[in-house]
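163 is the number that this note's numbering gives to position 175 of the sequence shown; each next residue is one higher, with no gaps. We put the beta carbon where it would ideally sit given N, CA and C, even for glycine. Below is one structure, written out as structure tokens, with a few remarks after it.
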Amino acid sequence: MDMVLDLVARTGRATLSLVRSAGALALFALAGLSHILRPPFYGRVFVRTFLETGFFSLPVVALTALFSGGVIALQSYTGFAQYHAQSAIAGIVVLAVTRELGPVLAGLMVAGRVGAAMAAQIGTMRVTDQIDALSTLSTNPMKYLVAPRLLAGMIALPLLVLVADVLGVAGGFTVAVVKLGFSPTAYITATLNSVKVMDVTVGLVKAGLFGFLITLMGCYYGYNSKGGAEGVGSATTSAVVVASILLLAFDYLITDLFFSQ
């Protein structure tokens, strides 16, 4: 009987902790979004974060998308050749890249690169009392540290995904033409016939949400870090892990919402 009560108590404590954390995160997100709409707006922080999230993340996202498109073409050819359906490869590549791989892979790369950096930077400011110093200088930390980063993430990631879409399709095209012997004209025609505005739009919607989630996790865990250097390290790890999990979960929810009919 004691073991059952102990299990129930542990389950209750875990549930309460989860609900408390979710509530704190929701309030943090609402506060950050509200400060985007109210002046003043710190443009320098926004531009710096935008460049870090978008421009400086471009090489890793571009290479990931390029090779992923090539891999999809190869794998599709291996399977479709058994059924003499090689003509569907171009459509499979463009649909997979625009709907899923473009936003998801770009989001995961940015989460590992930018989300970790944000958590480490803000966490260091927290444990060295720099955030408290901002408050003493009549600067709202949420407005200065969080709001510009959230906006930059929501704008920069869709632009990255657009580039990833183009390069992913280009990677599939290159492999199909150079290695698999497809006609360039026929492949391009099949790609244009397969791509739809809805697919690209949903991918960009996902990217905007992913950018918000990544920057939110980086800011939240950094802002609430404690315990010195060890706490900053834990906050950095948590920001990347939780952002990646939420990214995949919301990817499923959005896909189910738009494409389940």
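- Comparing C-alpha distances from Asp187 to each of Ala227, Leu46, Leu245 shows the shortest one belongs to Leu245.
- Its chain contains Pro129 as the residues whose beta carbon lies nearer than 7 angstroms to that of Ser123, once the 5 sequence neighbours on both sides are disregarded; these appear in chain order.
- Straight through space, the alpha carbons of Gly11 and Ser22 are spaced by roughly 16 angstroms.
- Ala237 and Gln70 have their C-alpha atoms spaced approximately 33 angstroms apart.
- At least 8 angstroms separates the beta-carbon of Ala94 from that of Val157.
- In this structure, the alpha-carbon of Phe170 lies about 10 angstroms from that of Thr162.
- Judged by beta-carbon spacing, Ile110 lies within the 8 angstroms limit of Gly210, meaning their Cβ atoms are closer than that value.
- The beta carbons of Val220 and Ala104 sit no closer together than 8 angstroms.
- Between Ala195 and Ala99, the gap from beta carbon to beta carbon reaches 8 angstroms or more.
- Taking Arg32 as reference, the option from Thr52, Arg137, Arg8, Arg(-2) with the minimal CA-CA separation is Arg137.
- In terms of CA proximity to Ala140, Cys207 leads the group Thr(-1), Val(-8), Cys207, Arg8.
- Here Thr116 carries a coil assignment [DSSP, helix/strand/coil].
- Here Asp117 is exposed, its C-beta having fewer than 16 other C-beta atoms within 10 Å.
- Excluding sequence positions up to five before and after Val193, its CB lies within less than 8 angstroms of the CB of Ile242, all in the same chain and listed in chain order.
- In the displayed model, Leu46 falls within a helix according to three-state DSSP.
- Phe198 sits close to Pro91, with the two beta carbons spaced by under 8 angstroms.
- The beta carbon of Ser45 lies closer than 7 angstroms to those of Met97, Val98, Arg101, Val102, Leu148 in the same chain, with the five residues before and after it left out.
- When C-alpha distances from Leu234 are compared across Asn212, Ala223, Ile202, the shortest belongs to Ile202.
- Taking a C-beta distance under 8 angstroms as the contact criterion, Phe29 and Ile143 do not qualify as a contact pair.
- Residue range 216 to 247 is occupied by the alpha helix (DSSP H) that includes Leu234.
- For the pair Val85 and Gly58, the CB atoms are not nearer than the 8 angstroms cut-off.
- For Thr112, the number of other beta carbons within 10 angstroms of its own is at least 16, and it is reported as buried.
- Within the model, the alpha-carbon separation for Pro47 versus Ala152 is close to 10 angstroms.
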